[in-house]
Amino acid sequence: MFAAYVAITLIAAAANGYAAYSSLTGAEFVKATADKIRVPQSRMIPFGVLLAAGALGLLAGFVVPVLGTLAAVGLVLYFLGALGAHVRAHNYQLGAPATFLLVAAAALAGNLAYRSPW
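The numbering used here puts the first residue of the sequence shown at 21, with every later residue one more than the last.
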């Protein structure tokens, strides 16, 4: 169980770290997506900071378990919001946000399963 917990947490942290880097550096695909879903590009920096905090929180969860759990919950909520923004804008290209949501949910599930008091 420990190996699965570590693997999915590292995958989730790496994926969200990449997403944070892309948002913070203003990657073209991030700008194009922001335009498609009618989100001001100026919000990409705060969103990148949230993604970076989530990625670092997942890694910090190896030392302080509650941080990892909270980071995973935060990322799940973030990507639920991202899916909602896509649907609100009638942009049904949901592959990327759905994949990130599944990875965040897997990290949360792995965290809870490994740290479960039951």
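The beta carbon of each residue, even a glycine, is placed where N, CA and C say it ideally should be.
* Asked: Using 8 Å as the threshold, is the segment 90-97 in touch with the segment 41-51, meaning 3 or more CB pairs across them?
  -> Segments in contact, no.
* Asked: For Thr29 versus Gly81, is the C-beta distance shorter than 8 Å?
  -> Yes, these two residues count as a Cβ contact at 8 Å.
* **Identity of the residue in Pro85, Ala52, Ala75, Ala35 nearest Thr131 by Cα** => For the sequence presented, residue 131 should be read as Asn rather than Thr. For Asn131, the nearest C-alpha among the options comes from Pro85.
* Between the segment 61-80 and the segment 103-113, are three or more C-beta pairs nearer than 8 Å? -> Because the criterion of three Cβ pairs below 8 Å is not met, the segment 61-80 and the segment 103-113 do not touch.
* Just tell me which of Leu100, Ser42, Ala24, Ala124 has its CA closest to the CA of Ala91. => When each option's Cα is compared against that of Ala91, the closest is Ala124.
* Asked: Is it buried or exposed for Thr53, if we count other Cβ within 10 angstroms and need 16 for buried?
  -> The residue in question, Thr53, is buried, as its Cβ has 16 or more Cβ neighbours within 10 Å.
* When you compare only the Cα positions, how much space is there between Ala133 and Pro117? -> Computed Cα separation, rounded: 24 Å.
* Residues of its chain near Ala102, where Cβ-Cβ distance is below 7 Å and the 5 sequence neighbours each way are ignored -> Here Ala102 has Pro117 as same chain residues with Cβ atoms under 7 Å from its own Cβ, once five neighbours each way along the sequence are excluded.
* **Where Met64 sits in the DSSP three-state scheme** => DSSP places Met64 in helix when its eight states are reduced to three.
* To do: Return the first residue and the last residue of the alpha helix (DSSP H) that Gly37 is part of.
  => According to the DSSP assignment, Gly37 belongs to the alpha helix (DSSP H) that extends over 22-45.
* Are there 16 or more other CB atoms within 10 angstroms of the CB of Ser136, so buried, or fewer, so exposed? -> Its Cβ having fewer than 16 others within 10 Å, Ser136 is exposed.
* To do: Out of Asn36, Ala105, Met21, Ser43, state which residue places its alpha-carbon closest to the alpha-carbon of Leu122.
  => That would be Asn36, whose Cα lies nearest to the Cα of Leu122.
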